[in-house]
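*Asks:*
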Amino acid sequence: MPMFRGIIRGVGSLWLGALLLLLLLVVMAWATVFESLHGTEQALILFYQAGWFKLLLALIGMNSLAAIAGRFPFTARQGGFVVTHTAIVIVLAGAWITEQVGVNGQVDLAEGQTIGQLTEQDQPVLQIASPDSSYPLEIKLSRRLFNGLRPLENPPIPGPSDDSMQIAVERYLPDSVQVSDVRDDSPVENLAVQVSFSPDGVDDPQWVFANPSSTRPVRFRVISDPEQWERVLAEATTGRAAEAMKLKIEYEGQTYEYALADCLERETTIEGTELTFRVLRYLPHAFVRNRQLENAPDHRDNPAVEVEFTVPQGTWQRTAFARFPELGAMHGTPDQPGPRLTFIAPALGDNPVPIEILQGPQNQWRVHFRTGDGQTAAHELNIGQAVDTPWSHHRFAILKYYDHARIHRSVEPVEPVRQRRQPAVQVRLTADGQSRLVWVQKHVPESVSLQDTIYTISFAHRRIPLGFAVRLDEFRIETYPGSSRPRSYISRITINDPAVGRAVERTVSMNHPVTHGGFTFYQSSYHQRGDRMASVLSVARDPGKPVVFAGYGLMLLGMFWVIVSRMRKTRAKALADPLATTSMEGNQP
């Protein structure tokens with residue numbers, strides 16, 4: 001018994017307690033500096049949620065308990081000491097309750113959106129969904145392992161409840177970047193070319209897949225019909241089929257039609273008349289600015305022509321818009337002398353792009369260029385051979401051609417870990433003897449085909465039902481007077497709780513949280529989502545908070561008790577020894 005009491009007194013030593021508190025002070029200061037340099041998430045992982053930090057708090061709690069037990073039975077003068085140390089134990093107990101059963105997450109709401117669940121920020125999960133399942137299979141992952149900052153090989157995960165499927169995580173990366181390459185091993189035909197648009201026609205290679213409706217700057221189109229291929233080759237510098245664009249001229253009761261391509265480079269005489277005409281300008285994308293007709297560089301589909309007509313008696317100039325033929329004042333009306341002009345140009349069936357690669361019959365290759373001012377150029381192509389382009393200091397070439405192309409995606413680790421990191425897991429999915437291995441980055445679902453079933457795998461945060469629905473009615477930013485600097489964020493929300501039976505309107509703002517159903521909503525941040533504002537609310541359920549606050553109150557009481565006890569002890573000592581007091585007063589100068 002004496003030895004046990006000695007151990008208790010040693011563990012509860014005031015010197016040990018002071019050392020532990022000093023160590024805690026140093027750690028907290030270090031963590032504060034670290035957080036300012038590396039971000040809150042890394043500070044939480046390496047300090048506040050680390051096992052060694054929890055051990056330090058546990059030692060402080062053990063020291064406080066031992067200090068209390070070592071002074072039992074208590075005397076009146078030890079009351080303040082006992083109450084203060086009991087308060088420390090209660091505060092640590094409240095923090096432990098919060099750690100074990102508390103919830104800390106957030107909801108992200110756009111104006112008008114309703115949501116009934118929160119995202120638990122520190123609880124990673126793995127979800128596997130298939131078309132046959134109503135709800136995805138969810139596997140709760142270890143916070144310590146899958147929130148960590150160290151890469152792992154074959155980290156353990158709980159087995160799924162579905163015996164027909166086996167799931168394993170083979171690697172975990174704390175930070176990653178997605179990389180992809182194109183391989184020629186697709187089970188189905190899928191055409192793609194690797195091209196270069198660079199000063200030497202070799203650098204900066206990019207892959208382009210066959211897609212006739214693509215609106216990307218480079219398009220790859222396959223034409224297998226020989227007649228269609230010939231029509232494409234007949235396209236003039238206008239970028240449209242030559243026979244499709246026509247000039248319709250009405251003169252002296254007669255109507256004449258001419259292909260625009262036949263009139264661009266020469267003067268044309270209308271048969272049977274003395275009237276001649278020539279095309280002054282063709283504008284593929286015309287618009288009017290400052291009462292002048294210009295060609296827009298942004299590919300507007302508004303073709304127009306300016307034509308000059310000549311007879312021995314004089315000349316007329318006409319302008320015609322293919323999209324707006326009713327603008328008669330600009331191209332001649334029945335009330336005006338001279339010819340009447342109409343420009344016929346069909347709408348573009350496919351959006352024009354700056355570079356279009358064409359593959360024709362018998363493996364013929366061609367490239368068409370279209371500049372911003374409507375100028376076009378065309379070249380025959382051979383794989384590996386660069387050609388000139390209308391853009392100075394740039395050449396174009398096809399470097400590779402695959403007929404069974406497939407995009408293969410993978411991830412690579414990022415070191416050192418960034419503040420805004422992107423964790424990833426390598427998941428092996430096995431079912432009915434088949435196995436697939438796939439990398440899944442956090443919040444980036446991946447699909448995998450297994451036994452004719454498409455599975456969607458997600459690495460994300462766990463979602464917890466609130467038990468009620470929250471709708472964001474309005475989000476408002478208040479600024480300081482005379483400036484655009486935000487002063488406060490305000491979210492006006494409506495809570496629809498079946499337990500209450502009615503809708504409740506509340507306002508959440510900075511320093512003014514809202515509590516409902518055991519959850520407390522705090523205004524955290526905001527962002528733009530499309531054309532709507534979105535508010536981010538932090539959500540917490542902290543059953544340990546009342547315990548912690550009770551500990552704080554008890555600690556204040558204990559400290560007050562200690563101060564009063566010391567004051568009374570000093571006064572009692574002074575009253576018990578009046579001679580010493582008198583002697584001290586007599587020695588004063």
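Read left to right, the sequence shown gives residues 1 to 589 (the working numbering). Glycine included, every Cβ here is placed at the ideal spot set by N, Cα and C.
#1: I need the boundaries of the alpha helix (DSSP H) containing residue 64, first residue and last residue.
#2: Going by DSSP, what residues sit across from residue 310 in a beta bridge?
#3: Once the 5 residues before and after residue 531 are set aside, which same chain residues still bring their CB inside 6 Å of it?
#4: Secondary structure at residue 230, three-state DSSP: helix, strand or coil?
#5: Take every Cβ of the segment 147-154, pair it with every Cβ of the segment 352-370, and state whether three or more of those distances are shorter than 8 Å.
#6: Check residue 549 in the structure and name its three-state DSSP category.
#7: Over what stretch of residues does the alpha helix (DSSP H) that includes residue 36 continue unbroken?
#8: Kindly identify the DSSP beta-bridge partner or partners of residue 75.
#9: On the premise that residue 69 lies in contact with residue 167, defined as a C-beta separation below 8 Å, what is that separation, rounded to the nearest angstrom?
#10: Using beta-carbon positions only, say whether residue 128 and residue 141 come within less than 8 Å of one another.
#11: Hey, how far is the Cα of residue 132 from the Cα of residue 509?
#12: Given this structure, state the Cα-to-Cα distance separating residue 378 from residue 454, to the nearest angstrom.
#13: Given that a residue counts as buried once 16 or more other Cβ atoms are within 10 Å of its Cβ, and exposed if not, what is residue 36?
#14: Relative to the ligand SAM, is the shortest distance from any of its heavy atoms to the C-beta of residue 191 smaller than 7 Å?
#15: Counting pairs of Cβ atoms below 8 Å between the segment 506-521 and the segment 535-543, do you hit three or more?
#16: Ordered along the chain, which non-local residues of its own chain (more than five positions away) have a Cβ less than 8 Å from that of residue 164?
#17: So which of 361, 429, 419, 512 has the shortest CA-CA distance to residue 227?
#18: Just the Cα atoms here: how many angstroms apart are residue 71 and residue 574?
#19: Nearest CA to the CA of residue 477: which residue from 469, 483, 488, 470?
#20: Beta-carbon separation of residue 169 and residue 427 under 8 Å?
#21: May I ask you to report which of helix, strand or coil DSSP gives residue 285?
#22: Are there 16 or more other CB atoms within 10 angstroms of the CB of residue 343, so buried, or fewer, so exposed?
#23: Tell me the DSSP secondary structure of residue 661 in three-state form.
#24: Where does residue 443 sit, in a helix, a strand or coil, going by DSSP?
#25: Could you tell me whether the Cβ atoms of residue 34 and residue 43 are closer together than 8 Å?
#26: Assuming residue 194 contacts residue 187 under a Cβ cut-off of 8 Å, what Cβ separation, rounded to an integer in Å, is found between them?
#27: Rounded to a whole number of angstroms, what is the C-alpha to C-alpha distance between residue 83 and residue 443?
#28: Assuming residue 387 and residue 218 make a contact with CB atoms under 8 Å, what is their CB distance in whole Å?
#29: With C-beta atoms as the reference, is residue 275 less than 8 Å away from residue 283?
#30: Can you grab the Cα-Cα spacing for the pair residue 467 / residue 117, in whole Å?
#31: What residue does the beta strand (DSSP E) around residue 205 start on, and which one ends it?
#32: Out of 192, 556, 555, 469, which one is the CA nearest neighbour of residue 516?
#33: Which residue's Cα is closest to the Cα of residue 324: 314, 305, 315, 313?
#34: Return the CA-CA distance between residue 562 and residue 19, expressed in angstroms with no decimal places.
#35: Do you know whose CA, among 446, 262, 359, lies nearest residue 233's CA?
#36: Can you tell me which of 260, 356, 60, 2 puts its alpha carbon nearest to the alpha carbon of residue 12?
*Replies:* In short, the structure shows the following:
#1: 51-69
#2: 276, 315
#3: none
#4: helix
#5: no
#6: helix
#7: 14-38
#8: None; residue 75 has no bridge partner.
#9: Actually they are not in contact, since the Cβ atoms of residue 167 and residue 69 sit about 49 Å apart, beyond 8 Å.
#10: no
#11: 43 Å
#12: 43 Å
#13: exposed
#14: With respect to the ligand SAM, the structure offers nothing, as it holds no ligand at all.
#15: yes
#16: 431, 432
#17: 361
#18: 27 Å
#19: 488
#20: yes
#21: strand
#22: buried
#23: The first residue shown for the chain is 1 and the last is 589, placing residue 661 beyond what the model contains.
#24: coil
#25: yes
#26: Going by Cβ atoms, the distance from residue 194 to residue 187 rounds to 21 Å, so no, they are not a contact pair.
#27: 48 Å
#28: Not really, about 14 Å apart at Cβ, beyond 8 Å.
#29: no
#30: 8 Å
#31: 205-209
#32: 469
#33: 305
#34: 21 Å
#35: 359
#36: 60
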